[in-house]
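First comes the structure, then the notes that go with it.
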Amino acid sequence: MGFQLNKYQKEAVTHIDGPCLVTANPGSGKTRVIVERIVRLIREENVLPKNIVCLTFTNRAALEAKNRICKNLGSKDPGFFIGTFHSLCAKILRKIGPGKGYSTSFSILDDRDQIDAIMQVSRYLGYNIKSGDARQIGYILNFYRDQIKEFDWVEDNLKTPSMVEIAQEYMDRCKNNNMIDFSGLISETIRIIEEDMELREKIQRSFKYVIVDEVQDTCPSQFQLITLLGDKWKNIMIVGDHNQSIYKFRGARYQNIQDFVDKYDNCKVIQLPQNYRSTPEIINTASKLIKHNSNNENFEMITDNKKGNPVKCYSFKDQNKEAEWVVGMIKKIVEQKGWSYSDIACVYRVNKMSQPLEQSLTNLGIPYKVFNSYSFYDRVECRDSLSMLKLLSNKKDSISFSRVAGLFKGMGNITIGKIEKKAIKNDISLIDACLEFKKESNSVASQNTCQKIYDIYNKNYDFSNPAKCLNDITEQIDYKKYLNNKYGEESEERIENVGQIVDSCGEFEGQEGGLYKYLQNVSLVTDKENDKENKNKVSLLSIHSAKGTEYEIVFLVGCEQGITPHQLACKEDYIEGISEERRIFFVAMSRAKQMLWLTYCKNRKGFGKYGKMIYRKAKPSQFLYECELLKEK
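Numbering (the numbering used here), first residue to last: 164 to 796.
This is the structure in structure tokens:
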């Protein structure tokens, strides 16, 4: 089989017929099991590759497994399907679509396309909805199909009859115009197969062996597709771990694992308890934590790895001191212990927590990469906020003006272009040009917007308090409302990110020319060289982004009550919410191979009233007590 399998892996690889659940702990070699099982089916069991389908959750995971299988088989094309649920459904619909409402050339709408299409439908129906409402409609439609709800659920959960009408028209228009979105790929595939008995029989005959990775992340429609495709032969192997189910907000349902066992009475259950990734110290600490979840009475994670360093927990005055210590440790262990920057990850619960780390890394000249995300300062709302300040510091900055002006009604590209031309022609600031353009404009909306921009920027601001400057401008623009209207449910984190920008401005409070100093300081972070060849960088990533990764050394920062567990996650259903948050923390801890440090702050600096920085008392996360890194006083 190419390499030695342990007894648990061998049991999974040699299982051939019948339903099977493989519960895979972190670092237990589940990809190895999937690869070796497929190789065995083809090479030793003489199963035709075309009769095998392997479903993954990311294209990256599919490519990794496919390359390993091809290498073992000595073939460039293994001849079976391995890929995501959406890619499988697209492939099926290309074949069965003709005569079922879709041609082979149907268009697939991504998330942005979906919102644009909903906006287009709303205009067609005579409604002038905001982008936030369009996103809400898209979210509700996706959820209703992913969770296999009836359409009256959509009617009950949209705010107005007009939004329901738009939702229905969008669904109809997609089908009439040969378009399909991501949720529709799965729901339409299920619908067509279920409605056509002959077609169902044909498809089920071809899928003799179905293998599903990361099954704990499946939503109900994906689980239904699994059982629908594999139900004739029932040779379905699902691989997953309910302790790593952290995508409830996307509709994932880890209970699908138990539903599978309940559906198939003869389901064989195989556990992969052995961890090849982490030291015994890391495994022991993570195990203590996850055992607090009610369905983990018999949880077991073992390892033969050598003993390592103890897991350590440290507290700091605030997030800046925390970041300084973390980055100082990174510098020390690289320079003195021989580790590479690429061996190290800083992991956090929410994206905005990258900002102090980015600043400290920049200050010490340490290269870093914000994993699976933009740099904190590259996010739309952060760029908007910085543009507000840049325009304040330089009222001839046309780039910042264009971005700020675009936040207002009556300010399209043509109008902005005319204002810029007037500023150049008359050698005046863009703010003064707004006032001049107002006198000539025939548009009431443009006139009002020009006056508002002028009023906001023609004031005397205290440049020694950049935090108050930004706070005052965002309030006058009503930027929070703008984000709510544009992004709907997604606006909350964006508003928090704006708050983090304001907080970082506060570090320059009381300094002469503090605004200029802050902007110059930020430019050192945002204007880094685009060195794609230099892969030796520290990774900064959220816990959700960290899923599926591993690092020699992990710093898990911001381990405070209200952050992890996140206060919002526990509001609706505390028991389930705290269980999911514990799983999130478990996933973060189990990314570490050799060393794991956890940190928390005693205070969180934030921007308060009257432009002053304030300290909010913080408490260590309950999870630090549960994994026995801290003891109750």
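Just so you know, even glycine gets a beta-carbon here, dropped at the ideal spot from N, CA and C.
Beyond the five residues adjoining it in sequence on each side, residue 414 comes within less than 7 Å, by CB distance, of 306, 309, 310, 382 in the same chain, given in chain order.
Distances from the alpha-carbon of residue 628 to those of 183, 681, 548 put 681 closest. Between residue 374 and residue 342, the gap from beta carbon to beta carbon reaches 9 Å or more. For residue 475, the enclosing beta strand (DSSP E) covers residues 475-479. When the Cα atoms are used, residue 240 and residue 456 turn out to be separated by approximately 43 Å.
Looking at the DSSP output, residue 375 sits in a beta bridge with 218, 401. Proximity to residue 578 across 550, 589, 607 peaks at 607, based on C-alpha coordinates.
Fewer than three beta-carbon pairs drawn from the stretch 502-518 and the stretch 591-598 are found closer than 8 Å, and the two stretches are therefore not classed as touching. When the beta-carbon positions are compared, residue 716 and residue 752 stay at least 9 Å from each other. DSSP places residue 733 outside any alpha helix (DSSP H), giving it a letter other than H or E. Pairing residue 770 with residue 666 gives a Cβ-Cβ distance under 9 Å. For residue 270, the three-state secondary structure derived from DSSP is strand. Our two residues, residue 703 and residue 720, have alpha carbons roughly 11 Å apart in a direct line.
Here residue 184 is buried: its Cβ has 16 or more other Cβ atoms, across all protein chains shown, within 10 Å. DSSP places residue 508 within a strand segment (E or B) once states are collapsed to three. Taking 9 Å as the cut-off, the beta carbon of residue 329 is found no closer than this to the beta carbon of residue 298. Residue 203 is positioned such that its CB atom lies closer than 9 Å to that of residue 177.
The alpha-carbon of residue 648 is positioned some 27 Å away from that of residue 581.
Looking from the CA of residue 212, the closest CA among 672, 489, 611, 243 belongs to 243. For residue 248, the uninterrupted alpha helix (DSSP H) run begins and ends at 248-259, by DSSP.
Burial is judged here by how many other beta carbons sit within 10 angstroms of a residue's own beta carbon; residue 519 has at least 16 and is buried. By the Cβ-count criterion, residue 282 is buried, with 16 or more other Cβ atoms from all chains shown falling within 10 Å of its own Cβ. DSSP, reduced to helix, strand and coil, places residue 707 within a helical segment of the structure shown. When the five nearest sequence neighbours on each side are left out, the beta carbons in the same chain lying within less than 7 Å of the beta carbon of residue 749 are those of 406, 449, 452, 453, in order along the chain. The distance from the Cβ of residue 660 to that of residue 743 is about 23 Å, inconsistent with a contact at the 8 Å cut-off. Taking C-alpha positions only, residue 340 is separated from residue 603 by approximately 44 Å. Contact between residue 169 and residue 404 is ruled out by a C-beta separation of about 17 Å, above the 8 Å threshold.
Assignment of beta-bridge partners to residue 720 by DSSP yields no partner. Selection 575, 573, 505 evaluated against residue 529 yields 505 as nearest (Cα-Cα). The stretch 423-437 makes contact with the stretch 463-478, as at least three CB pairs between them are under 8 Å. Under DSSP, residue 502 forms no beta bridge with any residue. The Cβ atoms of residue 221 and residue 711 lie closer than 9 Å to each other. Our two residues, residue 425 and residue 431, have alpha carbons roughly 11 Å apart in a direct line. Where residue 185 is concerned, the enclosing beta strand (DSSP E) starts and stops at 183-187. The Cβ neighbour count for residue 738, taken over all protein chains shown within 10 Å, is under 16; the residue is labelled exposed. Per DSSP, reduced to three states, the secondary structure at residue 346 is helical.
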